[in-house]
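**Q** Taking this note's numbering, the leading residue of the sequence shown gets 6, the next gets one more, and so forth.
Positions of the beta carbon are idealized from the N, C-alpha and C atoms, including for glycine.
Once you've had a glance at the structure underneath, I'll fire off some questions.
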Amino acid sequence: MQRDQMLERTNTLVALVLLVSPAVTLAEDPVARKPKTAKVTFRDQIGPLFRRRCTGCHGGGQPKADLDLSRYVAAMAGGSSGEVLVPGDPLQSRLYLLASHAEEPHMPPKRPRLPGRPN
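What follows is the structure in structure tokens.
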């Protein structure tokens, strides 16, 4: 009987160690503790920027160049000159290149390039 109890305790201990070990390893892993950067979303960050800077011309019923930046699906579809956004790589997006005045036509037209953009 004593042998069975000892074997049961050993099995319980082994199971407990196997169960807890990954949690301890993850808790000590600096990658697991690395704070996540906030996810950029159209609704929370991009849409409000477009509403402030772009949708006066590129939104509503008849957007210029058929580019409607008021809604995510429409913005991703692009306009008469094609797609303007590259998901995950904004520096390669045509819209970024126009707004930073790296390409023409500069956006917004006849105004300084948008602030916070590298040359």
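Jot down the residue ranges of each uninterrupted alpha helix (DSSP H) in the stretch 43-104, minimum 4 residues, whole runs only, in chain order.
**A** 52-58, 77-82, 99-104, all fully within the stretch 43-104.
**Q** Nearest-angstrom Cα distance between Ala104 and Pro113?
**A** Taking the sequence shown and counting its residues from 1, one reaches residue 104 at position 99. Taking the sequence shown and counting its residues from 1, one reaches residue 113 at position 108. Going from the Cα of Ala104 to the Cα of Pro113 covers about 7 Å.
**Q** Would you tell me roughly how many angstroms separate the C-alpha atoms of Asp71 and Ser85, rounded to the nearest one?
**A** Locating residue 71 in the sequence shown gives position 66, where the first residue counts as 1. Locating residue 85 in the sequence shown gives position 80, where the first residue counts as 1. C-alpha separation (whole angstroms): 5 Å.
**Q** Excluding the 5 residues preceding and the 5 following Arg76 in the sequence, name in chain order all residues of the same chain whose CB lies nearer than 6 Å to its CB.
**A** Locating residue 76 in the sequence shown gives position 71, counting from the first residue. Cβ neighbours of Arg76 beyond the five flanking positions: none.
**Q** Here's a check: name, in chain order, each residue in its chain whose Cβ is nearer than 7 Å to the Cβ of Gln97, leaving out the five neighbours to either side.
**A** Residue 97 sits at position 92 when you count from the first residue of the sequence shown. Counting only Cβ-Cβ distances below 7 Å, and skipping sequence neighbours, we find Val91.
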